[in-house]
Amino acid sequence: MFEKNFEALKDLETDLISEQDTRAYLRDIPKSAVKPEHYHLIYLLEQRVMYFLDGEVTELHDRFQVNYHLHENVVTYDKIKQLSTNEKLRYLLNIAKLDELQNTRYTYQLEPSELHFTKNGLPLLKTRGIRHVIEPLPYTEEAFLTRYKALIIAAFNDKVQFETLVEGHLALYKGTPFDQQIVQAKTLQNLKEILQHHYNQQEEKYKQHYTYVQKKRHALYKWGSVVATTLSLVLLAFLAYMYLSVMKYDAQVQAGYQSFIKEDYTQVLNDYEDLDAKKLDQVALYAYAKSYVETNKQGLEKDNKNNVLNHITPTANKDYLLYWVVLGQGDIDEALNISTYLEDNDLTKLALINKLNDIKNNPKLSSEKRSEETKKYNDRLQDILDKEKEVKNEKEKEKEASAQKNNERLKQQEENEKKQKEQAQKDREKRQEAERKN
6 MFEKNFEALK DLETDLISEQ DTRAYLRDIP KSAVKPEHYH LIYLLEQRVM
56 YFLDGEVTEL HDRFQVNYHL HENVVTYDKI KQLSTNEKLR YLLNIAKLDE
106 LQNTRYTYQL EPSELHFTKN GLPLLKTRGI RHVIEPLPYT EEAFLTRYKA
156 LIIAAFNDKV QFETLVEGHL ALYKGTPFDQ QIVQAKTLQN LKEILQHHYN
206 QQEEKYKQHY TYVQKKRHAL YKWGSVVATT LSLVLLAFLA YMYLSVMKYD
256 AQVQAGYQSF IKEDYTQVLN DYEDLDAKKL DQVALYAYAK SYVETNKQGL
306 EKDNKNNVLN HITPTANKDY LLYWVVLGQG DIDEALNIST YLEDNDLTKL
356 ALINKLNDIK NNPKLSSEKR SEETKKYNDR LQDILDKEKE VKNEKEKEKE
406 ASAQKNNERL KQQEENEKKQ KEQAQKDREK RQEAERKN
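In the working numbering, the protein residues as written are 6 to 443.
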């Protein structure tokens, strides 16, 4: 069985090599899309990194060009659709390993045209980015899980479109009982367990129907030993890299804590400058947010600054703290997203003002583009101001109406008291008149 699949895989690889002779994987990155101070990070796109295709970067006049290399032991996602069920499940199960990239500085695109595999079934991605430097943007855990499910279902059904599933039709997809289990998986771990269960079933089925001769078994063990050794070395190198990265990260966070305790707020900002804000814990977010407001980089008035500081506490809403961190790190678009989510007009207005200043001072924008962007965000700011004015006017009208109603009530009360006094006087006069007659 293994030899049969291996020969089929070799035929697939031969087809891919012939295709590679007639085309190259190229990616153009305009220099305008990368800040000049980040140009030196472009070399990271050609470093050999686990789970990515090898690439070579060439700097041209107005862009960087990345040439991705496809080796003869690499197959595309579409090719694995032709493999046996157990082999297909093995390849798909290995896609879960890409979740390890969530803790690195690299980003990627998870879709059929981007996904490749080594002959051993390990996933390889074509396009890679760098967080906060080069697209694509990182996936959330939910987005990663959705795309993973869509890849699994599309691998077993050529009539299903990956794009259709990820654009909102996944939850509505019925399919086979196997498909339903995939759709209903709540977590990545749950999804891996489902795939592992079906893979084990298929392996047991093949064992019952196929017998290996001694020569083939020997070749299998020999090949497996080489693969295991190679994977062990690669994994060891990867773990060493991750260990050093984690140690560096922890050292930066600890340095920020120490600076915060000393109330050296400027140094806190320097310590956390290149850390991923979304990965910071509650305490680190609090330390950065308070330090950023204390240094008053936004030029807030004293009362406004004190009001903000009163809201920045160790137990404050995490998204509120994250807003000040990403704003401090210059990620204005993310700050806008957070303020919109929090439905806080004051935070949104501040982010919009920063965005308008950023557009104004961006030398890379053409005059036409600058005017277009300025109008877009200025209209959004004016819309908020107009709505706040409407609310303010409405409150003033309600206040005036309430005052008028209160005045009318007091006036009516005075008239009632006057009538009561007049009636009491008339009653006294009648009693006095009756007494005189008696």
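C-beta: ideal position from N, C-alpha, C; glycine also.
Coarse secondary structure for residue i, derived from DSSP in three states
| i | result |
| --- | --- |
| Arg95 | helix |
| Arg433 | helix |
| Leu129 | strand |
| Thr123 | strand |
| Ile157 | helix |
| Val80 | strand |
| Pro41 | helix |
| Thr318 | coil |
| Val165 | coil |
| Lys86 | coil |
| Gly2 | The first residue shown for the chain is 6 and the last is 443, placing residue 2 beyond what the model contains. |
| Gln428 | helix |
| Lys179 | coil |
| Arg53 | coil |
| Lys400 | helix |
| Pro368 | coil |
| Asp349 | coil |
| Lys191 | coil |
| Gln387 | helix |
| Asp336 | coil |
| Thr145 | coil |
| Glu440 | helix |
Neighbourhood of residue i by C-beta, 7 Å cutoff - its chain only, sequence neighbours within 5 removed
| i | result |
| --- | --- |
| Asn412 | none |
| Val171 | Thr151, Arg152 and Ala155 |
| Gln201 | Leu98 |
| Ala160 | Ile85, Lys86, Lys93 and Leu97 |
| Ile139 | Ile34 and Val39 |
| Leu352 | Tyr328 and Ser344 |
| Lys310 | Val298 and Asn301 |
Identity of the residues DSSP links to residue i by a beta bridge
| i | result |
| --- | --- |
| Ile34 | Phe69 |
| Glu61 | Asn72 |
| Gly134 | Thr112 |
| Ile139 | Ile135 |
Spatial neighbours of residue i in its chain, beta-carbon cut-off 8 Å, leaving aside the 5 residues before and after
| i | result |
| --- | --- |
| Thr300 | Tyr270, Thr271 and Leu274 |
| Pro141 | Thr112, Tyr113, Gln114, Thr132 and Gly134 |
| Gln428 | none |
| Leu386 | Lys354, Leu357, Ile358 and Leu361 |
| Tyr346 | Asp324 |
| Asn91 | Tyr204, Gln207, Glu208, Lys210 and Tyr211 |
| Gln437 | none |
| Tyr262 | Val288, Ala289 and Ala292 |
Neighbour-count burial assignment, residue i, 16 or more Cβ in a 10 Å radius
| i | result |
| --- | --- |
| Asp276 | buried |
| Ile266 | exposed |
| Gly173 | exposed |
| Ser296 | buried |
| Gly66 | The displayed chain sequence assigns His, not Gly, to residue 66. Exposed, by the Cβ-count rule. |
| Trp329 | buried |
| His45 | exposed |
| Ala29 | Note that Ala29 scores a pLDDT of 49, beneath 50, so its modelled location is shaky and nothing firm can be said. |
| His137 | buried |
| Tyr382 | buried |
| Arg414 | exposed |
| Asp53 | Strictly speaking, residue 53 in this sequence is Arg, with Asp absent from that position. The residue in question, Arg53, is exposed, as its Cβ has fewer than 16 Cβ neighbours within 10 Å. |
| Tyr48 | exposed |
| Leu249 | At Leu249, the pLDDT of 47 sits below 50, so the modelled position is not reliable; the number obtained from the coordinates is stated separately. The residue is exposed, with fewer than 16 neighbouring Cβ atoms inside 10 Å. |
| Val239 | exposed |
| Arg441 | exposed |
| Glu339 | buried |
| Leu177 | exposed |
| Arg95 | buried |
| Gln417 | exposed |
| Ala406 | exposed |
Beta-carbon contacts of residue i that lie in its chain and below 6 Å, excluding the five residues immediately before and after
| i | result |
| --- | --- |
| Leu58 | Tyr73, Leu129 and Lys131 |
| Thr27 | Any reading at Thr27 is ruled out, since the residue's pLDDT is 36, under 50, leaving its predicted position unreliable. |
| Leu120 | Tyr82 |
| Tyr217 | Any reading at Tyr217 must be qualified, since the residue scores a pLDDT of 49, below 50, and its modelled position is unreliable; the value itself is stated next. So no residue of the chain qualifies. |
| Ile157 | Leu97 and Ile187 |
| Val232 | Asn125 |
| Lys435 | none |
Beta carbon proximity, residue i to chain C, threshold 9 Å
| i | result |
| --- | --- |
| Pro35 | The displayed structure is made up of one protein chain only, and chain C is not part of it. |
### Query
In chain order, which alpha helix (DSSP H) runs of at least 4 residues are fully inside the segment 253-308?
270-276 and 287-299
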